[in-house]
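Here's the structure, in structure tokens; my notes come after.
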Amino acid sequence: MSEQTELSSPPAALDEALRTTARMFEARRVAAPDHVAFRVIEEGPDGAPSSLRDVTTEEFAAQAENAACLLAERGVQPGDRVLIMGRTSFAWAVADFACWYAGAVVVPLYPGSPATRLREAIEVVGAAAVLTEAGDPALTDGVPAGMPRVDLAELAAAPAATERQRSALRERWEAVSPADAATVVMTSGTTGEPRPVLITHANLTGVAQSIGQEYARFLHEGASTVILLPLAHILARGLQLVCVHAGMAITHLDDPSRVLPVLKLAKPTFLVVVPRVLDKVRERMRTLAARAKLGAVMRSAERLAVSRARREQAASGAGSRPASSGSVLATAGTALADRTIYALMRRLFGGRVQVLLSGAAALPAELGLFFQGAGLPVIQGYGLTETTAPAAGQRWGALRAGAVGPPVPGTTIRIAADGEVLVKGPGVCAGYGVDPKHAESATDAEGFFATGDLGRLEDGQLVITGRKKDLITTAYGKTVSPARWQDGMERAPEVEHAMAVGEGRPFLLGVVLLGSAGTGVGAPLEPLGAAPTDLRELSERLGSEVAQPERVRSLLVLRGGIDEDPELVTRTGKLRAGALRERLAELIDAEYARLGAER
């Protein structure tokens, strides 16, 4: 295994005429006005998704122009920050591009955010207007009196603009430069107060062009996707711009409970997912198999899929090219698994998915192997808001479990002396703030952004090993990383989250959160008492693989759903470890005291 501390990928050939979002979209509008850019969900009499309405590039451009003129009428000026809060939808996309046509800066906020978060964002960025869904309760207390508010549905249905209005609008977006702010994204605040990350037009369009070229095998005219993530997430926004630029058809999922009928309707060829979605699909398959008395077949199918994917990845040193979607090794065991398990999995995704891209959170190795072996290869990517989403990504010919690939085009990844991952490239943001000229720098003197993640470079790919902030220094002065134990525990099907604690303590204590089965979503966290035998044994096996100071000595197991609690879990499923430690402080102290290790 070669030792590396720095790795770069050559830059893509960028078209400098497409370095602002409006210019990029206008070029697409001229090149393919009649191409289907969006497919909008239409509901039947029962309110369920029943069909898709095609929207061409020209039709979408006209809607965005009309909406931009309406924003101008409501007082939005070039450079103004406009806050958008709503479910992922076609109307959200119209609002996004309307702001760019108007020369404004988009500030996305997650739907359902409380009034306090809305008010905080308005104050931090100095928002000039708020675009949201009618009836949002946060509007009552979160928006200052007199601030323009526009309903997203009203904006998407704005009246046709006059030629004079369109001419004035063109002057606006033509005056925007690549160095100007395109969007200000509030970070999730997993360890502290949210900060405004300033992303320029050059950041967004550079990433869109680079990713579009590097992954042209999947991102091209004739391909399609369903955006499953909230558009407040930079990964979803970046995906939308890449797909528009590449000529893909986009469908938006506005309600996660409707994901299966929407995938059946849209039949996407490419999907970006978070690991939690894949985990839920696997759990769904286990449940269906158990009901059909095929539990043994499912367990065998999982083993066969993982084994097959491992063989594929071992075919060459850095990985291998997976079989095409739907192709399964022709053996008696896999033939049965394909008929009963794998084929159904592929149908759940619409039946046409060629590849899945997993991002926004760490993908457990065996979960990715399972999907690859079932004919749904998973490309792993890595990035942050500050890198405009992708900083590294696996290539089709070199999928490898546990790695996230080489740097994306034009990007350099460096491993610092303490193991922290540093990133330099076209996606690295302009800093923290709302004005590029006065933003607080996010990089060092060489232009590297410190990610806060720990990692290493192996055989030309980045491997993330943990979070720098998760390092624990015990009472004996030993600094340890609990990432391996946490990842291993979270692979257990009944475990939703696992967290090790032990700062200043003589040994590590493992906090394990089980699902909410039988208690209801959002139920209070309740200690089980004694840890289940299987979890104790799993923890002990994981401990046998590391040095003594890194071993978790005891488990504190709790039941109760927290995935709907924004104070404890981010919208992409990441645990807010600091907040959970605070909430469980008394229980943790009591457990250490019980074990005779009171601080």
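Going by full-length UniProt numbering, the first residue of the sequence shown is number 1, and it counts up by one from there. The beta-carbon is built from N, C-alpha and C at its ideal position, and this holds for glycine as well.
Query raised in the report: So, using beta-carbon positions, are GLY425 and GLY405 closer together than 8 Å?
Result: Here residue 425 refers to the residue found at position 425 when the sequence shown is read from its first residue. Here residue 405 refers to the residue found at position 405 when the sequence shown is read from its first residue. No, these two residues do not count as a Cβ contact at 8 Å.
**Report entry** Straight-line gap, ALA492 to ALA531 (C-alpha atoms, nearest Å)
**Finding:** The residue labelled residue 492 in the question sits at position 492 within the sequence shown. The residue labelled residue 531 in the question sits at position 531 within the sequence shown. Between the alpha carbons of ALA492 and ALA531 lies a distance of about 14 Å.
Query raised in the report: By DSSP, does VAL105 sit in helix, in strand, or in coil?
Result: Taking the sequence shown and counting its residues from 1, the one referred to as residue 105 is at position 105. Three-state result, VAL105: strand.
Query raised in the report: How many Å lie between LEU288 and LEU369 at the Cα?
Result: As a first step, residue 288 must be located in the sequence shown, where it is residue number 288. As a first step, residue 369 must be located in the sequence shown, where it is residue number 369. LEU369 has its alpha-carbon roughly 21 Å from the corresponding atom of LEU288.
Query raised in the report: From LEU535, LYS469, GLU58, pick the residue whose C-alpha is nearest to that of VAL495; which is it?
Result: For the purposes of this step, residue 495 is taken as the residue at position 495 of the sequence shown. For VAL495, the closest of LEU535, LYS469, GLU58 by C-alpha to C-alpha distance is LEU535.
Query raised in the report: Can you tell which of ALA450, PHE97, ARG352 has the C-alpha that lies nearest to the C-alpha of ILE415?
Result: For the purposes of this step, residue 415 is taken as the residue at position 415 of the sequence shown. Closest by alpha carbon: ALA450.
Query raised in the report: Which residues bound the alpha helix (DSSP H) around SER210?
Result: Residue 210 sits at position 210 when you count from the first residue of the sequence shown. 201-214 is the span of the alpha helix (DSSP H), which, as asked, contains SER210.
Query raised in the report: Looking at C-alpha atoms only, which residue of TRP92, GLN77, GLY510, ILE472 is the closest neighbour of LEU241?
Result: Locating residue 241 in the sequence shown gives position 241, counting from the first residue. The candidate whose alpha carbon is nearest that of LEU241 is TRP92.
Query raised in the report: How many angstroms separate the CA atom of THR20 from the CA atom of GLY561?
Result: Position 20 of the sequence shown, counted from the start, is the residue given in the question as residue 20. Position 561 of the sequence shown, counted from the start, is the residue given in the question as residue 561. Whole-angstrom Cα-Cα distance: 43 Å.
Query - Alpha-carbon spacing of ARG28 relative to GLN4, whole angstroms - result: For the purposes of this step, residue 28 is taken as residue 28 along the sequence shown, with counting starting at 1. For the purposes of this step, residue 4 is taken as residue 4 along the sequence shown, with counting starting at 1. Roughly 40 Å between the two C-alpha positions.
Query raised in the report: When you compare only the Cα positions, how much space is there between LEU18 and PRO524?
Result: Numbered from 1 along the sequence shown, position 18 holds the residue referred to as residue 18. Numbered from 1 along the sequence shown, position 524 holds the residue referred to as residue 524. For LEU18 and PRO524, the distance between alpha carbons rounds to 51 Å.
Report task. Determine the direct distance from the alpha carbon of ALA292 to that of THR132, and round the result to whole angstroms. Result -> Taking the first residue of the sequence shown as position 1, residue 132 is located at position 132. Taking the first residue of the sequence shown as position 1, residue 292 is located at position 292. Going by the C-alpha atoms only, they are around 44 Å apart.
Query raised in the report: How long is the line joining the alpha carbons of ASP338 and ALA374, rounded to whole angstroms?
Result: The sequence position of residue 338 within the sequence shown is 338, counting from 1. The sequence position of residue 374 within the sequence shown is 374, counting from 1. Near 8 Å, if we compare the C-alpha coordinates of ALA374 and ASP338.
Query raised in the report: The alpha helix (DSSP H) with HIS438 in it runs from where to where?
Result: If you number the sequence shown from 1, residue 438 lands on position 438. Looking at the DSSP string, HIS438 is not in any alpha helix (DSSP H), and its letter there is neither H nor E.
**Report entry** Backbone secondary structure at SER257 - three-state DSSP
**Finding:** Reading the sequence shown from its first residue, position 257 is the one you call residue 257. Three-state result, SER257: helix.
Report task. Using a threshold of 8 Å, state whether the C-beta atoms of VAL207 and GLY427 are closer than that. Result -> Position 207 of the sequence shown, counted from the start, is the residue given in the question as residue 207. Position 427 of the sequence shown, counted from the start, is the residue given in the question as residue 427. The answer is yes: Cβ separation under 8 Å.
Query raised in the report: From which residue to which residue does the alpha helix (DSSP H) around PRO275 run?
Result: The residue given as residue 275 occupies position 275 in the sequence shown. For PRO275, the enclosing alpha helix (DSSP H) stretches over residues 275-291.
Requested in this report: Give the DSSP-derived three-state secondary structure of THR187 in the structure shown.
Outcome: The count along the sequence shown starts at 1 and reaches residue 187 at position 187. In this structure, THR187 counts as coil in the three-state DSSP scheme.
Query - Close-in-space but distant-in-sequence residues of the same chain around ALA153 (CB under 8 Å, 5 per side omitted) - result: For this step, residue 153 is matched to residue 153 along the sequence shown. Cβ-Cβ distances below 8 Å link ALA153 to ALA91, GLU133, ALA134 in the same chain, with the five nearest sequence neighbours on each side left out; the list follows chain order.
Query - Alpha carbon of ARG53 to alpha carbon of VAL40, nearest angstrom - result: Sequence index remark: in the sequence shown, residue 53 carries index 53 (1-based). Sequence index remark: in the sequence shown, residue 40 carries index 40 (1-based). Roughly 5 Å separates the two Cα atoms.
Requested in this report: Following the continuous alpha helix (DSSP H) through MET298, name the residue where it begins and the one where it ends.
Outcome: By 1-based counting over the sequence shown, the position of residue 298 is 298. That run of the alpha helix (DSSP H) goes 295-314.
Requested in this report: Give me the Cα-Cα distance between THR473 and THR187, rounded to the nearest whole angstrom.
Outcome: Counted from its first residue, the sequence shown places residue 473 at position 473. Counted from its first residue, the sequence shown places residue 187 at position 187. Going by C-alpha positions, THR473 is about 27 Å away from THR187.
Query raised in the report: What alpha helix (DSSP H) runs, 4 residues minimum, are completely inside the segment 435-506?
Result: Runs found: 483-490.
Query raised in the report: Under the rule that 16 or more other beta-carbon atoms within 10 Å means buried, what is GLU582, buried or exposed?
Result: For this step, residue 582 is matched to residue 582 along the sequence shown. By the 10 Å Cβ count, GLU582 comes out exposed.
Query - Alpha-carbon spacing of VAL82 relative to SER224, whole angstroms - result: By one-based count along the sequence shown, residue 82 stands at place 82. By one-based count along the sequence shown, residue 224 stands at place 224. If I take the Cα positions, the gap works out to 29 Å.
Requested in this report: Output the boundary residues of the alpha helix (DSSP H) element that contains ASP589.
Outcome: Taking the first residue of the sequence shown as position 1, residue 589 is located at position 589. Under the DSSP assignment, ASP589 falls in the alpha helix (DSSP H) whose first and last residues are 585-594.
Query raised in the report: Would you say GLY515 reaches chain C, if we count a Cβ-Cβ gap shorter than 8 Å as a contact?
Result: Absent from the structure is chain C; it holds one protein chain and no more.
Query raised in the report: CA-CA distance, PRO178 and ALA362?
Result: Looking up residue 178 in the sequence shown gives position 178. Looking up residue 362 in the sequence shown gives position 362. Computed Cα separation, rounded: 32 Å.
Query - VAL355 versus HIS497: straight-line alpha-carbon distance, rounded - result: The residue given as residue 355 occupies position 355 in the sequence shown. The residue given as residue 497 occupies position 497 in the sequence shown. For VAL355 and HIS497, the gap between their C-alpha atoms comes out near 27 Å.
**Report entry** Under the three-state DSSP convention, the category ASP54 falls into
**Finding:** Numbered from 1 along the sequence shown, position 54 holds the residue referred to as residue 54. For ASP54, the three-state secondary structure derived from DSSP is strand.
**Report entry** ARG286 to ILE341 span [Cα, whole Å]
**Finding:** Counted from its first residue, the sequence shown places residue 286 at position 286. Counted from its first residue, the sequence shown places residue 341 at position 341. CA-to-CA, the gap between ARG286 and ILE341 works out to about 9 Å.
Query raised in the report: Out of curiosity, what's the CA-to-CA distance linking THR162 and PHE60?
Result: As a first step, residue 162 must be located in the sequence shown, where it is residue number 162. As a first step, residue 60 must be located in the sequence shown, where it is residue number 60. Their backbone Cα atoms lie some 17 Å apart in a straight line.
**Report entry** Continuous alpha helix (DSSP H) assignments of at least 4 residues falling wholly in the segment 365-428
**Finding:** Whole alpha helix (DSSP H) segments, 4+ residues: 365-373.
Query raised in the report: Taking buried to mean at least 16 other C-beta atoms within 10 Å of its own C-beta, is GLY212 buried or exposed?
Result: Reading the sequence shown from its first residue, position 212 is the one you call residue 212. Buried, because 16 or more other Cβ atoms sit within 10 Å of the Cβ of GLY212.
**Report entry** C-alpha gap between ALA32 and THR57, whole angstroms
**Finding:** As a first step, residue 32 must be located in the sequence shown, where it is residue number 32. As a first step, residue 57 must be located in the sequence shown, where it is residue number 57. Taking the straight line joining both Cα atoms gives about 7 Å.
Query raised in the report: CA-CA distance, GLU567 and SER554?
Result: Indexing the sequence shown from 1 puts residue 567 at position 567. Indexing the sequence shown from 1 puts residue 554 at position 554. The alpha-carbon atoms of GLU567 and SER554 are separated by roughly 26 Å.
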